[in-house]
Structures are given as C-alpha cells and as structure tokens.
Amino acid sequence: MSPIAYTDELLNIIKHNLLTAVFQPIVNLRLAELHGYEALTRGPANSPLHNPLQLFDTASKSGNLSKLEFACRDAACKRFSQYEAEGKLFINVSPVSLAEAGYEHGMTDWILSQYSIPAKNIVIELSEQYPLDDYDLLKRSFDHFRDKGFQVAIDDLGAGYAGLKAWSELRPDYVKIDRHFIENINEDPVKREFVRSIQEIANELDCKVIAEGIETAEELAVVHALKIQFGQGYYLGRPKAIPANFHSIQDKLHAIDNPHHNINCLSQTVADMSLSYPAIHKNWSLNRVIDLFHSNKSLRCLPVTEGDTPLGLVERQAVLELMTGRYSRELYGHKSVLGFMNQQAVIVDLNTSLEEVSRKLTTCQSDNLQQDFIITHNQNYYGIGKTSTLLQKITEQQIRYARYANPLSQLPGNVPIYEHVDKLLQQHSAFTIAYFDLNNFKAFNDYYGYNMGDQVLRLLSDILKKMVTSADDFIGHIGGDDFIAVFQQSDWLTCCQQIKQDFEQQVRRFYNAKELSNNGLWHVDRQGQKQFFGLLTLAIGLAQPDVEQCKSHHEVATLAGEAKTQAKLSDSGIFISRRRKPQAELCPNL
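In terms of UniProt numbering, the sequence shown opens at residue 1 and continues consecutively.
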C-alpha cells in the first residue's frame with residue numbers, strides 16, 4: 001500500500017498523541033560520561049506506521065512532515081522531562097519541513113516552556129534524509145534557532161553530496177559522521193583517514209564531532225584514538241523509552257582511554273582539559289575587555305591573539321585591580337589590551353604531556369601559582385588550561401601509576417603494558433617491541449643473595465629510564481629480570497645497543513674480584529650439578545608486529561617472546577625477528 005493511503009492513520013496518531021519517544025545515548029568519549037541523547041520516534045505498536053521509516057515517509061509524501069515533527073518534539077520533551085534526564089537533547093528537524101507552508105517558528109519554544117527544559121540543553125539536528133538546497137532558508141532557520149538559545153547540528157555528514165557544503169555554509173555546533181564511515185573502521189584505513197580529516201576540519205571550525213553507528217568495541221577504540229570527542233551507536237546504547245543512565249553504559253567504555261577509567265595515563269595530554277574561552281584581538285581596547293569580564297564572571301583570563309596566533313593572556317584580577325583608581329578607566333580604558341597583557345604566559349600544544357606542562361609552569365618567571373595557560377593546535381589558539389585542573393590530573397595519574405607500578409623498579413607493570421600495546425594496535429600505530437632478559441641472573445641471585453639481585457634489576461631499570469626518553473616510547477617491568485620497551489621512534493636499534501653496552505659495563509661492579517678475573521662464577525644449577533656461569537649479560541629480542549594483523553597484546557607477546565628466546569641463543573645477544581604475526585594459536589602473556 002502506498003504511503004498516501006496511510007495519511008488518515010498518520011493524522012489520527014498525531015491527533016491522539018500516540019507517538020512513543022525513545023532516546024539513544026550520546027557519550028563524551030574523552031571524559032567517559034553521558035553528554036546527552038538523541039530523541040527518536042516510534043509509531044503505535046499495532047499500527048502499520050510503527051516503523052519510523054514508514055511513518056516519516058507517509059508524512060513527507062502527504063505534506064504533513066512539519067506536523068509530525070512537531071508531535072515528535074512534543075513527545076520527546078514530555079518524556080525527557082518526566083524522567084528528569086540530564087544532558088543535551090538532540091531533536092531532529094528535516095530541512096524540507098522548514099520549507100512547508102505549515103511550519104511555524106516558535107512552536108519548539110512553546111514545547112520547552114511547557115516542560116521546563118532550558119533552551120541551552122536543546123540541539124536542533126538537521127537531517128539529510130529529506131535534503132533541501134535552499135541554503136538561504138537553512139541559514140535563516142539556523143540563525144533563528146541560535147537566537148533562541150539552541151545549538152545546531154548536521155546529521156549524516158558524508159552521506160549526501162551536500163554535507164560538506166552545508167557544514168561550510170551553516171557552521172553548526174556539532175556534525176555527525178555518517179555511520180558508513182564508522183562501520184568496520186578498525187579494518188579500513190581509508191575510512192580512518194576520512195574520519196581523521198573530518199576531525200582536523202572540525203578543530204579549525206571549533207565544531208564538535210559525533211561518530212554515529214558505533215557497534216563494536218574495536219570501532220569505539222579506533223574512533224577514540226582518532227580523537228573524536230563524542231560517540232553514539234548500539235554498542236554504547238540502543239534507543240530506549242527510558243533514557244539510559246551512565247551506569248548502564250560504563251562497562252562498555254573499557255575499550256577507550258579516558259581520565260576516569262584509563263589506568264595507562266602515562267602519556268595523558270592537556271587536550272582533555274582545554275576550556276573554550278573566547279579569544280580577543282590584540283587591537284581590543286581595555287574598556288572592551290573590562291566589559292567582557294563584567295558580563296561573564298566565570299572568565300579568569302582571556303587569550304590575546306593576532307589572527308589565530310596566541311600572543312599572551314590578559315588576567316581578570318590584574319585588569320580589575322588596575323581599574324580601582326578614581327580615574328583609571330579614563331586613563332587606561334581607551335588603550336590597547338597589548339599593554340596590559342602577560343607576555344610570559346605559558347603556551348603549549350594540545351598533545352603536550354601533563355608532566356611537560358607542569359615543568360614549564362614551574363620554571364617560568366611568574367610567581368602566580370593560580371595562573372592559566374594557553375593550549376594550541378597547529379600553533380593556532382585552541383583553548384585555556386587551568387593550573388589547578390592540571391595538578392588534580394597529575395595527582396590522579398600518579399595514584400593510578402603507583403597502583404600498577406612494579407614495586408622494585410617503579411616502572412609500569414603488566415596491566416599498563418597490556419593497555420599500552422593494545423592501544424597502539426587499536427590505533428594501527430606502528431611500533432617495535434623490545435624484550436630484555438638477563439642471562440645467568442638466577443645463578444647470580446643465588447650466589448650473591450636477593451638484595452644484590454635487586455640492585456642489579458634497579459640498575460637495568462635506571463638505564464632504561466635514562467635511554468628511553470621519547471614521549472612516544474614506553475618502558476615496563478614484567479617481573480623478575482624481564483623488562484619491556486615499546487618504541488615508536490626510528491632509532492630503536494641504536495638505543496638498544498647502547499642499553500646493552502651500558503648495562504654490561506656497569507654490572508661488573510657487583511662482582512667480587514675473583515669472579516671478575518674468572519669472567520664468571522661456579523654454582524649449582526637447577527639439576528643440582530656444579531656448573532660455571534658467565535658474567536651477567538643482557539639479551540634483547542626485537543619484534544615489529546603487523547598492526548593490521550595482530551589483534552591483541554597476546555599476539556605481540558608471542559612475537560616478543562620468540563625474539564627473546566633467539567636473542568639468548570645468539571652470539572650478539574640481540575635478535576631482530578622477521579616474523580610480524582604469530583603462527584601459534586595460543587599466545588603467552590608478556
């Protein structure tokens with residue numbers, strides 16, 4: 001039966017309020033918290049229009065789309081209010097409905113007032129299901145929504161030919177990447193590059209990105225690795241009549257790194273703590289800056305820019321104190337803000353580690369411990385960071401670090417090692433893994449005692465810390481005399497050769513003169529036989545896993561373990577495996 005034949009059924013559903021609103025969660029992947037919900041609609045269960053596709057197709061072809069969308073908004077806001085749900089509510093509006101003769105601006109305001117929902121909590125989502133090429137109308141509509149206090153979003157970016165043009169013309173607050181580009185993104189490098197490009201454009205436009213259609217943990221991990229801030233999909237939560245709470249989805253977030261759940265925070269950066277403070281141009285007068293501070297009490301500072309390049313900070317307290325004099329405003333108000341700017345403000349890239357930012361803050365000339373700092377992306381202004389937030393995050397990181405650190409070496413233990421390797425695999429980031437193992441350590445430990453053995457292990461850990469210094473690299477202590485390094489830098493072989501040389505030179509000081517002159521010691525082996533054991537040497541097995549083929553740290557462990565075994569048998573003590581994917585079905589742990 002044609003959609004037109006269901007028109008009476010549609011009008012009856014609208015008239016008697018028979019629509020059911022359901023809500024799909026939208027998750028902030030950086031903070032691991034609920035950001036909001038998209039409101040979706042279902043017809044009555046016993047109706048031929050129960051399916052939303054049939055429902056909206058009938059409305060579109062019968063000229064009743066704006067009526068249906070109004071009824072959908074009413075049903076969604078009513079239920080959202082009943083359950084006192086928190087966060088943003090994303091409400092769909094089709095472009096073609098805006099052009100219908102019966103479309104009435106202001107009806108959404110009326111609905112919100114009925115259910116006491118603040119306009120700032122509403123995001124009007126423009127769908128491409130029924131596209132419209134009248135960009136003048138769309139611009140006017142978006143301006144109208146913004147004037148009312150709503151935010152706006154574009155849905156299905158990449159699905160239609162007009163998506164990128166709409167983004168450029170309308171400058172929405174959010175864009176949603178079409179689910180096609182998220183499906184199997186963990187297996188498709190082309191999709192990953194597309195999504196990465198979208199995020200880079202969004203950074204330039206100060207636009208938030210939502211990845212739709214996340215259905216697996218692997219897709220979620222890649223989306224997060226690409227620095228997409230928000231996610232939506234069946235894996236995170238299906239549409240339900242009762243809005244989901246955070247506890248119902250938190251077990252799904254183990255696949256991503258975030259400040260609340262990630263135990264491997266050794267490379268956490270300031271990107272997640274950036275605040276979107278407005279930037280002011282260097283030619284602004286001090287009067288204009290003072291007015292902005294007075295109108296927004298939460299602003300502690302303002303970044304001063306030339307174009308998009310940050311020059312420094314003007315600080316609220318300093319400016320307002322300057323204005324306490326009787327004639328201060330007359331004296332200074334007309335002058336450029338440049339003369340009152342802190343030119344020594346710390347400026348860091350968003351990928352800078354927390355530790356590096358802390359070091360910069362403590363070594364700068366300012367004695368203001370409450371100072372804020374500027375965060376950039378590609379040398380352009382990105383946001384503001386607070387020192388108090390930085391210190392809090394560093395404290396949390398240190399607590400998590402201590403929980404999983406090896407007590408002897410204070411290096412990350414097994415759990416952070418697993419997490420780091422899995423993260424690189426999920427990101428498809430190439431790396432080299434080095435497995436360090438001591439030759440003759442058991443005999444040395446038995447002969448000289450456990451205290452001396454612990455000193456040897458601390459020596460090796462100190463050398464690793466000294467040599468492996470790149471922010472992209474990682475070192476860990478599996479246990480006993482087994483250590484791991486994960487390199488993303490290119491000079492990993494030179495680094496390993498130097499580690500081996502330094503260790504074998506320095507470990508000699510732990511031997512007595514007699515054993516040194518003999519180049520080893522006599523001791524009972526594991527079979528109870530007296531045997532000669534040479535001086536301690538370091539075996540290093542190296543492997544370069546195929547990040548497109550290896551699925552977990554277990555497979556990487558197999559490659560590293562095989563390389564270490566070969567290294568212990570080789571004359572040089574260093575073995576580089578040519579195998580990039582394990583053959584064995586069962587993979588040992590690192």
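Ideal placement from N, C-alpha and C gives every residue a C-beta, glycine not left out.
Query, Result
"Close beta carbons around Glu-9, own chain, < 7 Å, minus the five adjacent residues each side", "Ser-47, Pro-48 and Leu-49"
"Outcome for Phe-532 when other beta-carbon atoms lying within 10 angstroms are tallied against a minimum of 16", "exposed"
"Check: Asp-173 C-beta below 6 Å from any heavy atom of the ligand NAD", "In the structure on display, the ligand NAD does not appear, and there are no ligands present to speak of."
"Burial state of Arg-326, where buried means 16 or more other Cβ atoms lie within 10 Å", "exposed"
"Cut-off 8 Å between Cβ atoms - residues of its own chain near Val-22, not counting five sequence neighbours on either side", "Ala-39, Leu-40, Thr-41, Arg-42, Pro-239, Lys-240 and Ala-241"
"Reference Thr-269, options Leu-31, Glu-183 and Val-93, closest by Cα", "Leu-31"
"Rounded straight-line distance, which links the Cα of Pro-545 to that of Asp-571", "24 Å"
"Buried/exposed call for Glu-419, threshold 16 Cβ in 10 Å", "buried"
"Proximity winner among Phe-474, Leu-170 and Ala-443, relative to Arg-140 (alpha-carbon distances)", "Leu-170"
"Element boundaries [alpha helix (DSSP H), containing Cys-77]", "65-82"
"CB contact flag (Gly-541, Phe-575, <7 Å)", "yes"
"Cβ-Cβ distance between Val-209 and Ala-202 below 7 Å", "yes"
"Ile-14 vs Lys-67 beta-carbon contact at 7 Å", "yes"
"Collapsed DSSP secondary structure at Val-346 in the structure displayed", "coil"
"Whole beta strand (DSSP E) elements within the stretch 352-438, 3-residue minimum", "372-377 and 380-386"
"Distance, Cys-207 Cα to Asn-380 Cα", "15 Å"
"Span of the beta strand (DSSP E) around Pro-189", "Segment 189-205 is the alpha helix (DSSP H) holding Pro-189; no beta strand (DSSP E) there."
"Boundaries of the alpha helix (DSSP H) in which Tyr-450 is found, first to last residue", "450-467"
"Residues that Ala-543 bridges to, as DSSP identifies them", "Ile-433"
"Segment contact, 8 Å Cβ cut-off, at least three pairs: the stretch 525-539 with the stretch 372-389", "no"
"6 Å Cβ shell around Thr-150 - same chain, five flanking residues per side excluded", "The question names Thr, but residue 150 is Phe in the sequence shown. So the list reads Ala-119, Ile-122 and Ile-124, once near-sequence residues are dropped."
"Beta-bridge partners of Ser-285, as assigned by DSSP", "Ser-336"
"DSSP state of Arg-580 mapped onto helix, strand, coil", "coil"
"Residue burial classification, Trp-110 (beta-carbon count within 10 angstroms, cutoff 16)", "exposed"
"Three-way DSSP call (helix, strand, coil) for His-50 in this model", "coil"
"DSSP three-state assignment for Glu-555, whether helix, strand or coil", "helix"
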